[in-house]
Structure formats: C-alpha cells, structure tokens
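Going by UniProt numbering, the sequence shown opens with residue 1, and the numbers climb by one from there.
Quick reminder that beta carbons are idealized off the backbone N, C-alpha and C, glycines included.
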Amino acid sequence: MSTIELNKRQEQIVQIVKDNGPITGESIADQLNLTRATLRPDLAILTMSGYLDARPRVGYYFTGKTGSQVLTDKIKKLQVKDFQSIPVVVAENVSVYDAIVTMFLEDVGTLFVVDQGSILVGVLSRKDLLRTSIGKQELSTIPVNIIMTRMPNITMCEREDSLIDVAQKLIEKQIDALPVVKLTEKGIEVIGRITKTNMTKALVSLAIDGLV
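See below:
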C-alpha cells in the first residue's frame with residue numbers, strides 16, 4: 001500500500017511550512033510567486049490529507065507526520081456508520097426454504113434473525129443454509145431458529161466502532177458480515193450490517209481520495 005504522492009508544488013509548500021511555520025497562505029504564495037487563489041487547492045489537499053494543519057489568524061504549520069502516518073490516521077478515523085449497509089432480516093419462525101429464497105433475492109451472504117419485537121436473536125450464514133440443504137430434509141418445515149447461531153455467540157458492532165477493529169473481527173471469526181446494533185429497552189436491535197464488501201468500498205474511497 002502506497003501513500004499519497006505529492007506533486008512538486010505541494011512538496012515545496014510542505015518544505016516552506018516546515019522551515020517557516022506557522023506561516024500564512026499569503027506568505028507561502030509570495031515565496032512561490034503565485035496568487036492565493038492558485039495556491040488554495042494545494043493547501044486544502046495538504047490540510048485534508050494531514051500533512052499540514054491551520055489555525056485561524058496564525059497560519060499553516062507542519063504536523064510532523066510522514067505519508068504512512070497520515071494514511072494510518074485516516075484509516076483509524078473510519079467508522080462503521082460511514083460504510084454500513086441496510087440489514088436483511090427474517091423472522092425466527094421462517095422456514096429454511098424461505099430463508100434461502102430471501103438470501104438469493106437480496107443477494108446477501110448473511111441474514112439476521114429477529115423475534116416478534118424485532119430484537120436480534122440469531123444469525124444465518126450461507127454455510128448454515130447450505131449445510132441444512134444437504135440431505136433429504138423437507139426445508140419448508142424446518143424453522144431457521146433450529147439452525148441459526150444464537151445469542152450470546154453472535155459477534156456484533158456499533159455505528160461508532162472503528163472500521164479497522166470490525167475488519168479484524170471479520171478476519172478472526174472467519175465470517176462475512178456483522179450486524180450493526182443498538183441497545184434498546186426491549187433488547188438488541190439490528191440497525192445495519194457491515195460486510196467484506198463494505199470493507200472493499202472503504203478501501204476504494206481511500207483510493208479515490210488519493211490516499212492509497
């Protein structure tokens with residue numbers, strides 16, 4: 001993984017700020033013989049990327065961070081709420097057959113099982129349904145609550161959790177998705193899902209921002 005590549009002018013700006021910071025944008029522009037308007041996009045990029053910081057009525061100063069530190073800080077700030085998807089849920093009395101149909105139609109690898117009060121009681125993976133499908137069982141007569149993973153053996157996360165921490169859980173548990181939950185008076189409610197696909201989208205967003 002590489003970090004953002006600065007162009008020649010951005011490297012010059014960083015060096016000027018290193019040597020003279022805190023320094024105003026006007027002073028940087030004067031040293032480069034540029035207008036403030038011409039310099040503004042570069043300063044914005046360097047500030048958003050973490051190389052520089054700015055204080056009102058004081059000016060720009062160098063943060064002291066290397067490119068790799070800037071990237072690490074950016075990744076650590078990513079939260080579940082920024083990338084979570086809508087959860088796909090089924091009732092605990094739904095048949096395995098209906099669950100398979102739902103998984104196929106919704107094109108997901110994990111279903112979250114809820115009770116009559118919409119409270120999380122279990123998780124169904126593609127492997128769970130495939131394992132049950134092998135054999136001569138009548139799938140339309142088997143409720144999913146017989147084969148699902150039950151509480152308290154469900155790995156969960158919350159909206160404010162670090163995305164990198166959740167990624168580590170997915171790897172450690174060797175699972176495809178986690179329910180995003182919130183604690184209510186009735187119990188644990190599913191409000192989203194975070195998947196390996198969401199992790200890929202996070203990586204792509206960093207690339208688009210020019211950070212990887």
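Residue i versus residue j: straight-line alpha-carbon distance, rounded
i	j	result
Thr3	Ser162	Confidence in Thr3 is poor, its pLDDT being 49 and thus under 50, which makes the residue's placement too unreliable to answer from.
Ile23	Val88	52 Å
Asp19	Asn153	55 Å
Gln79	Ala44	23 Å
Met199	Ile171	12 Å
Arg131	Gln174	17 Å
Pro41	Arg9	11 Å
Ala29	Ile16	10 Å
DSSP-derived helix/strand/coil call for residue i
i	result
Phe62	strand
Phe104	helix
Pro143	strand
Glu158	coil
Val88	coil
Glu185	coil
Leu52	strand
Ile45	helix
Arg57	coil
Val190	strand
Thr195	strand
Gly25	helix
Ser125	strand
Thr149	strand
Residue i vs residue j beta-carbon contact at 8 Å
i	j	result
Ala177	Leu129	no
Ser85	Gly192	yes
Val121	Arg150	yes
Supposed contact pair residue j and residue i - C-beta distance, whole angstroms, cut 8 Å
i	j	result
Val123	Phe112	6 Å
Ile119	Glu189	6 Å
Ala54	Thr47	6 Å
Under 8 Å: do the segment 87 to 98 and the segment 129 to 145 share three or more Cβ pairs, one atom per stretch?
Touching, yes, given that three or more Cβ pairs across the two stretches are closer than 8 Å.
Are there three or more Cβ pairs, one per stretch, closer than 8 Å when the segment 48 to 60 is compared with the segment 18 to 38?
Yes, they touch.
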